[in-house]
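Undergrad:
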Ligand code: NAP
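Structure representation (structure tokens):
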């Protein structure tokens, strides 16, 4: 019997379009085919940009109360269809259904915060009379939208990271073209469905499906695209930055985040938080904990508690309510992670638990004795692997935490405020969590990194700032006044 394969359409400037050439979307857990999406061509991308030019005029002219209403209606739509959104995230990506539900709920938050922030895009009056000769000038600045935003997004949070670009873009009156990750396009397409249902005018939003290597350059290099809001890996981020030309760049890149555990910390809380931070979404998380620096006198106790908690993890079917961790995004990625662990072991590292692969699944893995020059100690592994390092004191932990080319977020566990403040001042990161792991974020806080972790900040209000520019207005008053 011939199986009927469903085809999912892309959303180009308000129209649902199919193409003869398609890309398979597969469930990473068993490689089964979920559906196909169009493999958009360069011409499709050029058309999307052409339509977005008009989309920008429409978006910029839309009164703020309409933007607020549309954003809230899109959030309502997702709320009403919450399980459909969660299931789509869980099927096409790596997340378990419980992780996916959290992402769908956060997406609703992101859109509601965007609606709130739309009414707070303010300017200021400028005291022009600060300069001699300007006593007869009055004026102000306000923030205006910049035009077409290109949003290029990764696979690991396929809904909420797209919402983090679309929500602020609509709130601030821009047009936006989303190119989601090729392996997880369906959640982004569902987000477009929510905005269509909410009454967003056509042409303001496009979600175009296709490979970054084939259609990415058209978007990245096009002079009418005024900003590239990219979330993804360092390598692609660097390539895009080189090609972009004179455009604004938002770069939300990767990391290999540290956690520091001092001997005055609550060890059980630290273990719980770091285990979750290391293995959330099978470690495919830009904020995931990869390196843990533990004060020597508590190292063995921490290690034993950590392994015991990790070994309780249930690995398996993403759609089961009882699964704690699913597969990596595909077998190739699991093989890559396995290779990095094997390299570390070859150089002297010890595997305390995990270290085994089955297809796209890789067990939660804890390493010790990891030499500082191997890949897992320096680069982003983007998998369920965490290394434990003993340190003498806070100074050594900070020095080692800062010794890499990343700096997104960090966590420190201590009950000593002085030590916490010392770490806050000295750690090279975009965010530091006291008594939480690096894997803590709310959608309204500034979010982004330093060094190889990126440029600029997201978090709705901060994205709106990046997606707008100040325009100065100055009135020269008549002499009679
Ligand atoms: P990726 O390989 O860098 O891809 C990200 C996106 O960029 C995809 O849509 C990809 O398209 C596209 N792309 C790749 N090369 C391109 C090019 N030359 N021109 C235009 N587009 C291009 O990353 P990923 O594997 O999906 O995601 C994992 C990475 O994202 C990790 O490094 C993680 O830390 C990072 N991340 C960062 C944050 C943050 O907020 N800082 C959040 C989540 C993830 P295709 O899929 O078609 O290749």
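Residue numbers (the working numbering): -3 to 477.
Backbone N, C-alpha and C define an ideal beta-carbon position, used for all residues, glycine too.
Does the distance from the C-beta atom of residue 325 to that of residue 24 stay below 7 Å?
TA: yes
Undergrad: At the level of alpha carbons, what is the spacing between residue 361 and residue 397?
TA: 20 Å
Undergrad: Going by Cα to Cα distance, which pick from 381, 441 and 437 is closest to residue 461?
TA: 441
Undergrad: Jot down the residue ranges of each uninterrupted alpha helix (DSSP H) in the stretch 86 to 115, minimum 4 residues, whole runs only, in chain order.
TA: 93 to 114
Undergrad: Does the beta carbon of residue 424 sit closer than 7 Å to a beta carbon anywhere in chain D?
TA: No chain D appears in the structure shown, which is made up of a single protein chain.
Undergrad: Shortest alpha-carbon distance to residue 64 belongs to which of 95, 120 and 195?
TA: 195
Undergrad: Let's test the definition: count the other Cβ atoms within 10 Å of the Cβ of residue 337 and tell me whether it reaches 16, buried, or not, exposed.
TA: buried
Undergrad: What residue range is occupied by the uninterrupted alpha helix (DSSP H) comprising residue 371?
TA: 371 to 374
Undergrad: Give a single yes or no on whether residue 458 has its beta carbon closer than 6 Å to a heavy atom of the ligand NAP.
TA: Every heavy atom of the ligand NAP is 6 Å or more from the Cβ of residue 458, so no.
Undergrad: What residue range is occupied by the uninterrupted alpha helix (DSSP H) comprising residue 332?
TA: 327 to 342
Undergrad: For the beta strand (DSSP E) containing residue 406, name the first residue and the last one.
TA: 405 to 409
Undergrad: Roughly how many angstroms lie between the CA atoms of residue 204 and residue 354, to the nearest whole one?
TA: 33 Å
Undergrad: Whose CA, out of 435, 101, 85 and 113, lies closest to the CA of residue 152?
TA: 85
Undergrad: Mapping the DSSP letters down to three states, classify residue 309 as helix, strand or coil.
TA: The answer is coil: DSSP assigns residue 309 none of H, G, I, E or B.
Undergrad: Please state if the CB of residue 93 and the CB of residue 190 are separated by a distance shorter than 7 Å.
TA: No, they are not a contact pair.
Undergrad: From what residue to what residue does the beta strand (DSSP E) around residue 28 run?
TA: 28 to 34
Undergrad: With respect to 6 Å, is the separation between the Cβ of residue 187 and the closest non-hydrogen atom of the ligand PLP below this value?
TA: Ligands displayed in this structure: the ligand NAP; the ligand PLP is not among them.
Undergrad: If I follow the unbroken alpha helix (DSSP H) through residue 413, where does it start and stop?
TA: 413 to 422
Undergrad: Label residue 82 either buried or exposed according to how many other C-beta atoms from any shown protein chain fall within 10 Å of its C-beta, with 16 as the threshold for buried.
TA: buried
Undergrad: Please name the residue in 239, 276 and 290 whose C-alpha comes closest to that of residue 284.
TA: 276
Undergrad: If residue 144 sits next to residue 49, beta carbons under 8 Å apart, how far is it from one beta carbon to the other, in whole angstroms?
TA: 7 Å
Undergrad: At which residues does the beta strand (DSSP E) containing residue 140 begin and terminate?
TA: 133 to 141
Undergrad: Which residue from 291, 402, 173 and 272 puts its Cα closest to that of residue 40?
TA: 173
Undergrad: Quick one: measure Cβ to Cβ for residue 249 and residue 273, integer angstroms, because I've assumed they're closer than 8 Å.
TA: In fact, because the Cβ distance is near 18 Å, the residues do not count as touching under 8 Å.
Undergrad: Let me know the secondary structure DSSP gives residue 3 once reduced to three states.
TA: Reduced to three states, the DSSP call for residue 3 is strand.
Undergrad: Since residue 439 and residue 456 should fall inside the 8 Å C-beta cutoff, what is the C-beta to C-beta distance between them, to a whole number of angstroms?
TA: 7 Å
Undergrad: Looking only at C-alpha atoms, which of 416, 453, 121 and 230 sits nearest to residue 376?
TA: 230
Undergrad: Taking the alpha-carbon of residue 124 as reference, which of 115, 134 and 406 has the nearest alpha-carbon?
TA: 134
Undergrad: Which one or two residues does DSSP pair with residue 383 in a beta bridge?
TA: 287 and 363
Undergrad: Considering just the uninterrupted stretch of the alpha helix (DSSP H) at residue 41, what are its terminal residues?
TA: 38 to 57
Undergrad: Leaving out five residues before and five after residue 367 in sequence, what residues of the same chain have Cβ atoms less than 8 Å from its Cβ?
TA: If you ignore the 5 residues before and after residue 367, its C-beta comes within less than 8 Å of the C-beta of 340, 343, 344, 345 and 373, all in its own chain and listed in chain order.
Undergrad: So does residue 79 have its beta carbon nearer than 6 Å to some heavy atom of the ligand NAP?
TA: no
Undergrad: Name the two residues that bound the continuous beta strand (DSSP E) containing residue 20.
TA: 18 to 23
Undergrad: For a quick check, are the C-beta atoms of residue 106 and residue 61 less than 7 Å apart?
TA: In this structure, residue 61 does not lie closer than 7 Å to residue 106 by Cβ.
Undergrad: Does DSSP put residue 263 in a helix, in a strand, or in coil?
TA: Reduced to three states, the DSSP call for residue 263 is helix.
Undergrad: Leaving out five residues before and five after residue -3 in sequence, what residues of the same chain have Cβ atoms less than 7 Å from its Cβ?
TA: Note that residue -3 has pLDDT 47, beneath the 50 cutoff, so the model's placement of it is unreliable and the number below is only indicative. Nothing listed; no residue qualifies.
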